[in-house]
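Presented below is the structure to which this report refers.
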Amino acid sequence: MDPLPRRAAWRLDRRPLGYREAWELQRRLERKRRVHAIPDTLLLTEHPPVFTLGRRTPARHLPGGADALRRSGASVVVTDRGGDVTFHGPGQLVAYPILDLTAWKKDVHAYLRALEAVAMRTAAAFGVEAERRAGFTGVWRGGPEPRKLASIGVRVSRWIATHGVALNVSTDLSWFSRIVPCGIEGCRMTSLEVETGRPLGLGAVADALASAFGEVFRRDLVPAPDGRLAETESVAAAAWAERRVG
């Protein structure tokens with residue numbers, strides 16, 4: 000018997016969305032989730048070109064410096080998540096769960112492993128066998144020269160998780176050559192399209208990731224209510240958020 004009951008959750012698709020706008024949206028959702036005004040929410044998006052840095056990213060992981068990155072046509076943002084420097088841009092699906100871990104597991108390491116499982120299941124839906132690598136966070140395509148397919152960086156504050164998973168679908172991988180991706184020297188990046196050899200729509204991958212998220216975290220996803228997500232504080236929404244289903 001599975002000890003974790005299934006719960007309702009919202010799926011929110013906002014593609015494309017600027018990185019700072021997505022970050023601010025996450026903050027609003029986090030505040031509302033904390034007071035049970037909304038249920039757990041999975042935000043799925045795609046960003047314009049941006050390099051994001053974790054809280055402790057060293058300068059050496061930006062070999063040409065931040066100004067050179069900006070001159071390349073991308074923004075540079077220092078975030079409040081864990082992890083190191085990475086790139087987000089067109090063709091990359093970014094999943095931001097706003098998740099109350101007290102209703103799942105109060106274990107950050109288990110949460111990271113679960114996000115890896117979500118990325119691995121998503122890749123498998125398109126015939127790509129992905130794997131973990133000991134000592135690292137993220138998901139790789141295995142073989143003699145492992146290639147990183149998905150990067151993960153999270154923030155957990157009072158057991159509400161934000162930030163999440165960046166999965167390369169059709170991403171221009173040359174952007175990663177400007178940094179030391181995730182702080183891993185010699186890290187090679189890949190994408191689902193590179194590994195499958197065929198074009199893939201971001202919408203289809205978003206659907207597969209949402210399905211994998213629901214399986215791993217035992218959440219039943221429904222579309223977030225249009226026009227109410229950023230404003231709702233109703234008692235009805237709070238009660239719905241905690242309703243157990245199944």
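The opening position of the sequence shown corresponds to residue 0 in numbering that gives the first Met the number 0, with each subsequent residue numbered one higher.
Each residue gets a CB set at the ideal place from its N, CA and C atoms; glycine is no exception.
Do you know whose CA, among the options, lies nearest residue i's CA?
{"i": "L42", "options": "G72, R26, A73, S71", "result": "R26"}
{"i": "I183", "options": "Q91, S150, T78", "result": "S150"}
{"i": "T195", "options": "A165, R140, L220, T161", "result": "R140"}
{"i": "A165", "options": "R55, L201, A36", "result": "L201"}
{"i": "L220", "options": "T40, V204, H35", "result": "T40"}
{"i": "E128", "options": "V49, L100, V193, D206", "result": "V193"}
Compute the Euclidean distance between the alpha carbons of residue i and residue j, then round it to the nearest angstrom.
{"i": "G185", "j": "G126", "result": "26 angstroms"}
{"i": "L172", "j": "P180", "result": "11 angstroms"}
{"i": "D225", "j": "G163", "result": "23 angstroms"}
{"i": "S190", "j": "G142", "result": "15 angstroms"}
{"i": "R70", "j": "W103", "result": "43 angstroms"}
{"i": "A123", "j": "A116", "result": "10 angstroms"}
Which partner residues does residue i have in the DSSP bridge list?
{"i": "G163", "result": "G152"}
{"i": "V168", "result": "Paired residue(s): none; V168 is not in a bridge."}
{"i": "Q91", "result": "N167"}
{"i": "I97", "result": "T40"}
{"i": "A8", "result": "L220"}
Apart from the five residues on each side of it in sequence, which residues of its chain come closer than 7 angstroms, Cβ to Cβ, to residue i?
{"i": "F175", "result": "F86, M188"}
{"i": "L61", "result": "L68, V84, I178"}
In chain order, what residues of the same chain have a beta carbon less than 6 angstroms from the beta carbon of residue i, not counting five sequence neighbours either side?
{"i": "R259", "result": "The first residue shown for the chain is 0 and the last is 245, placing residue 259 beyond what the model contains."}
{"i": "L208", "result": "A94, T121"}
{"i": "G90", "result": "V168, S169, T170"}
{"i": "T44", "result": "R13, R14, L16, A21, V93"}
{"i": "R33", "result": "I159"}
{"i": "P38", "result": "A7, A8, W9, A240"}
Among residues of its own chain, excluding the 5 on either side of residue i, which ones have a beta-carbon nearer than 8 angstroms to its beta-carbon?
{"i": "L24", "result": "R13, L16, L42, A229"}
{"i": "E29", "result": "I97, S156, I159, T161"}
Discussion item. Pairs of beta-carbons, one from the region 207-220 and one from the region 6-14, closer than 8 angstroms: are there three or more?
Written reply: When Cβ pairs closer than 8 angstroms are counted between the two stretches, the region 207-220 is seen to touch the region 6-14, the count reaching three or more.
Practice prompt. Pair every Cβ in the region 16-25 with every Cβ in the region 134-143, then say whether three or more of these pairs are closer than 8 angstroms.
Written response: The region 16-25 makes no contact with the region 134-143; the number of CB pairs closer than 8 angstroms stays below 3.
Worksheet item: Taking three-plus beta-carbon pairs below 8 angstroms as touching, is the region 153-167 in contact with the region 70-81?
Response: Result yes; three or more Cβ-Cβ pairs closer than 8 angstroms.
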